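Below is one structure; the comments refer to it alone.
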Amino acid sequence: MKIISTEFITGAVSAKQYPKGTLPEFAFVGRSNVGKSSLIKSLLNRKKLIRISSSPGKTREINFFSINEAMMFADLPGYGFARVTPALQKKWKKMIEEYLTQREPLTAIIFIVDIRRKPTELDLTLKEWLEELDRKYILVITKADKLSSSERGKQTKIIKAAFMGKNALDFTVYSSKDHIGRKELWGQLQKWAREDKHQVTENNVDL
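Each residue of the sequence shown is one higher than the one before, counting from 1083 in our numbering.
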């Protein structure tokens, strides 16, 4: 995907603050410190991006970005961050649940996990909930550059086994540092956007 423009649209803490429109929208979710901010910047080929923080727990609202005026990214707060108050954790949980259940333009979710960590109970609960909601998602296994090739294969099998369900699992192994998996992930996002009967113009496609 050739990135021509990236524009921050708004931050939202409730449905009434969501931006209007019908562009295909992709939400980024995952535990704190799984490399969500690095993944987004890698996909967009940007070293810096307004409202995208590399510090765990810093994203405290849903941040919406327009990409090439052709699709939207929604950056959701990371879950499971220990160094925030229970009240704030509860607020984030409500915010994420409201978005995933009510957001009509939401095309699919980029579900991010760290290749070095076994999926947690929170991860698997979210997986089951997305399946109950019939939300499409792709599992993105980040930080692939942190492991050797053999370790990478072993950990990928463990994570895939934990996430396998009644449906086929869409997944990709990703490295924000080396851009491993970038082409494959963009290909899946564009495929879903087209299936959702939205148009991603050909002059924006440069894989």
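Yeah, the Cβ is synthetic: ideal placement off N, Cα and C, and Gly gets one too. Source: prediction; values computed, not measured.
Candidates the options: closest to residue i by CA position
{"i": "Lys1118", "options": "Val1095, Ala1156, Lys1172, Asn1150", "result": "Ala1156"}
{"i": "Pro1101", "options": "Met1153, Ser1114, Leu1131, Ser1087", "result": "Met1153"}
{"i": "Val1111", "options": "Leu1131, Gly1263, Leu1121, Lys1084", "result": "Leu1121"}
{"i": "Lys1209", "options": "Ala1226, Ala1190, Arg1198, Asp1227", "result": "Ala1190"}
{"i": "Asp1216", "options": "Gln1184, Val1095, Thr1104, Ile1149", "result": "Gln1184"}
{"i": "Arg1113", "options": "Thr1207, Glu1233, Gln1099", "result": "Thr1207"}
{"i": "Asp1278", "options": "Leu1188, His1261, Lys1228", "result": "Leu1188"}
{"i": "Gly1093", "options": "Leu1105, Gly1103, Arg1142", "result": "Arg1142"}
{"i": "Phe1253", "options": "Ile1194, Lys1098, Lys1200, His1261", "result": "Ile1194"}
{"i": "Ala1275", "options": "Lys1172, Leu1105, Lys1098, Leu1170", "result": "Leu1105"}
{"i": "Met1291", "options": "Asn1115, Phe1090, Gly1103, Leu1126", "result": "Residue coverage of the chain in this structure runs from 1083 to 1289, which leaves residue 1291 outside it and unanswerable."}
Assigned secondary structure, residue i (DSSP; H/G/I helix, E/B strand, else coil)
{"i": "Tyr1161", "result": "strand"}
{"i": "Met1153", "result": "strand"}
{"i": "Ile1122", "result": "helix"}
{"i": "Glu1107", "result": "strand"}
{"i": "Leu1131", "result": "coil"}
{"i": "Asn1205", "result": "The sequence shown places Asp at residue 1205, rather than the Asn named in the question. Of the three classes helix, strand and coil, the one that applies to Asp1205 here is helix, per DSSP."}
{"i": "Glu1089", "result": "strand"}
Any C-beta of chain C under 9 Å from that of residue i
{"i": "Leu1182", "result": "Absent from the structure: chain C. Only one protein chain is present."}
Anticipated Cβ contact below 8 Å, residue i with residue j, distance rounded
{"i": "Ser1258", "j": "Ser1096", "result": "Not a contact, Cβ separation roughly 30 Å."}
{"i": "Ala1109", "j": "Tyr1161", "result": "Contact flag wrong, Cβ pair sits at about 13 Å."}
Enumerate, from N- to C-terminal direction, the unbroken alpha helix (DSSP H) stretches of 4 or more residues contained entirely within the segment 1211-1274. 1231-1245
Do the segment 1231-1245 and the segment 1259-1270 touch if we need at least three Cβ pairs shorter than 8 Å? no
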